[in-house]
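Enquirer: Pasting in a structure now, in structure tokens, and then I'll have a few things to ask.
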Amino acid sequence: MWVSVNTVHYQPVGPVPAILTSLRNPNLLVSFPKPKTFRFLRLVKFKVLTAKKQQLTKLETRKPESENFTVSQKNGDEVADYGWLPAFPHVLIASMSNFLFGYHIGVMNGPIVSIARELGFEGNSILEGLVVSIFIVGAFVGSISSGSLVDRLGFRRTFQTVTIPLILGAILSAQAHSLDEVLLGRFLVGLGIGVNTVLVPVYVSEVSPTKYRGSLGTLCQIGSCLGIITSLCVGIPSDNDPHWWRTILYIASIPGFIITIGMQFAVDSPRWLCKAGRLDDAKAVVNNLWGASEVEKAIEEFQTVSKNDGSDLNSRWLELLEEPHSRVAFLGGSLFVLQQFAGINGVLYFSSLTFQDVGVTSGALASLVVGLTNLAGALCALYLMDKQGRQKLLIGSYLGMAVSMFLVVYAISFPLDEQLSHNLSILGTVLYIFTFATGAGPVTGLIIPELSSTRMRGKIMGFSFTVHWVCNFLVGLFFLDLVEKFGVSPVYASFGGVSLVAAIFANYFIVETKGRSLEEIEMSLNPNIQARDK
């Protein structure tokens, strides 16, 4: 989410999210087991089995979606098509949730000192850290509940429902006159954010035309980056006004109202509508977003992988232990473990100190540079996602992160000119953040719903993000202690090592989903699916 979908604090403000330096057993990810032992890992390659080829013929030969919106070539010059445009407003409204996520990531970055002073716990690093990290506890709970909520209510109503804790939490925090009120407000905000971080990528993947699914999915990352940058800009007056933190938190309630109103005009997922038995509504949505020529083909695909009698809305958590859902859940959890332990939060936290070494004493300015770098990487991902594909971006991103970390380690560990050492550290830090934002951040949140089945997509994403928040919490708990005990260089070297492991994992276990419908991906994963009677 996200920066990734992580909780990031650019300035030291007590315990903050950070990164574990290594996996307990990295060999689990690089020593790939024999097929007879773990058949499910072999199937993750999603090779279309011979028995499924006839069933997929229609899907493989179908024309690109939204062809009605494509402008033909004139005089040999290729003219851009606008097949993404009908879905864009709906995706944009959903991505406001990520903007709010990013805003809340940065909103406590500076004002925590003013809050602690006014509410009487200044200097207590444990309580200051608790105000920051209670957000993660709420997000954990929200992630667990998200799958069941969306199955019962659909996407539109779930989006509108979870704005209640987002708005109430922001207002309660802004009006707080005690530590307990702040903690309750932050928990409520985390609860809403936890649901939304699961909801948004699933919604975007289900309403976007196949051809543009990757690019539209990157709006989640861009929304988070813009939210962080906005919170940093809005927080500038807090240096001179000790009560400005209340205004900042009041402002945090505004996007919640926008989401509530906007979702009233947005569509529900056509795939969820089909599962709920609302075929006419599903056809109307497909017609509006993908074009009239896609309606019959799309409904036929939906019914191939799901029932339209409402029974698929009653999925159970225990089904995650069954094939093929267990394979995708394993992938989702592993991707988030690798993403977090590759060091993004630790590097972001330490970046302000790195900038201080080269004379940038303003924490706000350093954070702004980091935020803009993150945004630039996300914009590159927007352009490349549907051109180069998910797997290439993921591998290239982690390799770039590994090189960046080793560059910083070299600058710190070897006898170099002091100015050169600082410059290399800055270069490595900026390059690391940029390469993360081009792949490891946006691809992780996008590819998991793409690989998930229609029946279990919400719960698989909920499980994956639950793993994410657990890792995020562990990161915040141990990062500073590890730096203090071992030093920056060994910790950063371990980040580079985990990044290499992640690149190997992506190469072996992630395949390209670009240009394939969600139903085609699902059928290639599960050879036991039989076409259902319409």
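Residues 79 to 612, numbered by the working numbering, are exactly what the sequence shown covers, in order. Using N, Cα and C, we set each Cβ at its ideal position, and we do this for glycine too.
In terms of residues, what are the limits of the alpha helix (DSSP H) holding R535?
Expert: Here the alpha helix (DSSP H) through R535 covers 535-564.
Enquirer: Quick one: Cα of S430 to Cα of S503, how far?
Expert: Looking at the two C-alpha atoms, the distance is approximately 12 Å.
Enquirer: May I ask you to report which of helix, strand or coil DSSP gives T532?
Expert: Three-state DSSP puts T532 in coil, outside helix and strand.
Enquirer: Just mark Y290 as buried or exposed, buried being the case when its beta carbon has 16 or more other beta carbons within 10 Å.
Expert: Counting Cβ neighbours within 10 Å, Y290 comes out buried, since at least 16 surround it.
Enquirer: Do I588 and Q469 have their beta-carbon atoms positioned less than 8 Å apart in this structure?
Expert: Against a cut-off of 8 Å, the Cβ pair of I588 and Q469 comes out as a contact.
Enquirer: Quick check: what's the CA-CA separation for V126 versus L244?
Expert: Bear in mind that the predicted position of V126 carries a pLDDT of just 36, short of 50, making it unreliable; the figure below should be weighed with that in mind. So the two alpha carbons sit approximately 43 Å from each other.
Enquirer: State the start and end residues of the unbroken alpha helix (DSSP H) segment that holds R356.
Expert: Premise fails: R356 is in no alpha helix (DSSP H) and is neither H nor E.
Enquirer: Assign K470 to one of three DSSP states: helix, strand, or coil.
Expert: Correct three-state label for K470: helix.
Enquirer: Based on Cα-Cα distance, which residue from G184, I249, F179, A571 lies nearest to Q427?
Expert: Looking at the sequence itself, residue 427 is Tyr, so the reference to Gln does not match. Of the candidates G184, I249, F179, A571, the one whose C-alpha sits nearest the C-alpha of Y427 is G184.
Enquirer: For E598, tell me which candidate among V383, V282, L351, A362 has the shortest Cα-Cα distance.
Expert: Closest option to E598, Cα to Cα, is V383.
Enquirer: Please look up how many angstroms separate the CB atoms of V569 and I511, rounded, as I've assumed it's under 8 Å.
Expert: That belief does not hold up - the Cβ atoms of V569 and I511 are roughly 17 Å apart, past 8 Å.
Enquirer: Is E379 buried or exposed, if buried means 16 or more other CB atoms sit within 10 Å of its CB?
Expert: Its Cβ being crowded by 16 or more others within 10 Å, E379 is buried.
Enquirer: On the three-state DSSP scale, how would you describe Y290?
Expert: Of the three classes helix, strand and coil, the one that applies to Y290 here is helix, per DSSP.
Enquirer: Looking at the structure shown, is G369 part of a helix, part of a strand, or coil, going by DSSP?
Expert: G369: coil per DSSP, three-state reduction.
Enquirer: My output table needs one value for G247: the three-state DSSP class, helix, strand or coil.
Expert: In the structure shown, G247 sits in a helix (DSSP, three-state: H, G or I).
Enquirer: Does K385 come out as helix, strand or coil in the three-state DSSP assignment?
Expert: Looking at K385 - three-state DSSP - the assignment turns out to be coil, as it is neither helix nor strand.
Enquirer: Within the 8 Å Cβ cut-off, does D495 reach chain C?
Expert: The structure shown contains no chain C; it is built from a single protein chain.
Enquirer: Just tell me which of R234, D159, A252, R230 has its CA closest to the CA of I193.
Expert: Among R234, D159, A252, R230, the Cα nearest to that of I193 is on A252.
Enquirer: Skipping 5 residues on each side, what residues in its chain have a beta carbon closer than 8 Å to that of F166?
Expert: These residues qualify, in order along the chain: L294.
Enquirer: Give the DSSP-derived three-state secondary structure of V589 in the structure shown.
Expert: Coil at V589, not helix or strand.
Enquirer: Where does T296 fall in DSSP's three states?
Expert: Looking at T296 - three-state DSSP - the assignment turns out to be coil, as it is neither helix nor strand.
Enquirer: Counting C-beta neighbours from all protein chains within 10 Å, is the total for E400 16 or more, i.e. buried, or is it exposed?
Expert: Answer is exposed; the Cβ neighbour count stays below 16.
Enquirer: With H, G and I counted as helix, E and B as strand and the rest as coil, what does DSSP make of F583?
Expert: F583: helix per DSSP, three-state reduction.
Enquirer: DSSP three-state label for M186, please.
Expert: In the structure shown, M186 sits in coil (DSSP, three-state: anything other than H, G, I, E or B).
Enquirer: Just to confirm my understanding: we take G340, look at its own chain, exclude 5 residues before and 5 after, and list those with CB closer than 6 Å. What are they?
Expert: So the list reads I171, once near-sequence residues are dropped.
Enquirer: Should I326 be labelled buried (16 or more other beta-carbon atoms within 10 Å of its own) or exposed?
Expert: The residue is buried, with at least 16 neighbouring Cβ atoms inside 10 Å.
Enquirer: Taking the alpha helix (DSSP H) that L509 falls in, what are its first and last residues?
Expert: Unbroken alpha helix (DSSP H) run through L509: 496-513.
Enquirer: Using a threshold of 8 Å, state whether the C-beta atoms of L277 and F218 are closer than that.
Expert: Not a contact, by the Cβ cut-off of 8 Å.
Enquirer: Check the C-beta distance from F543 over to T275 and give it rounded, since I have them as a contact under 8 Å.
Expert: That belief holds up - the Cβ atoms of F543 and T275 are roughly 6 Å apart, short of 8 Å.
Enquirer: Using the C-alpha atoms, what's the distance from G161 back to T513?
Expert: Those two C-alpha atoms are separated by around 28 Å.
Enquirer: Skipping 5 residues on each side, what residues in its chain have a beta carbon closer than 6 Å to that of V363?
Expert: Same-chain partners within the cutoff: V345, P348.
Enquirer: By Cβ distance, which residues of its chain are closer than 6 Å to A480, with the 5 residues on each side in sequence left out?
Expert: Closer than 6 Å at the Cβ level, and outside the excluded window around A480, lie G574, S577, L578.
Enquirer: Buried or exposed for Q497, going by 16 or more other Cβ atoms inside 10 Å?
Expert: Q497 comes out exposed.
Enquirer: Quick check: what's the CA-CA separation for A129 versus K385?
Expert: Model confidence at A129 stands at a pLDDT of 40, short of 50, so the residue's coordinates are unreliable; what they give is reported in the following sentence. The alpha-carbon atoms of A129 and K385 are separated by roughly 22 Å.
Enquirer: Given a threshold of 16 other Cβ atoms within 10 Å of its Cβ, counted over all protein chains shown, does C311 qualify as buried or as exposed?
Expert: C311 should be labelled exposed.
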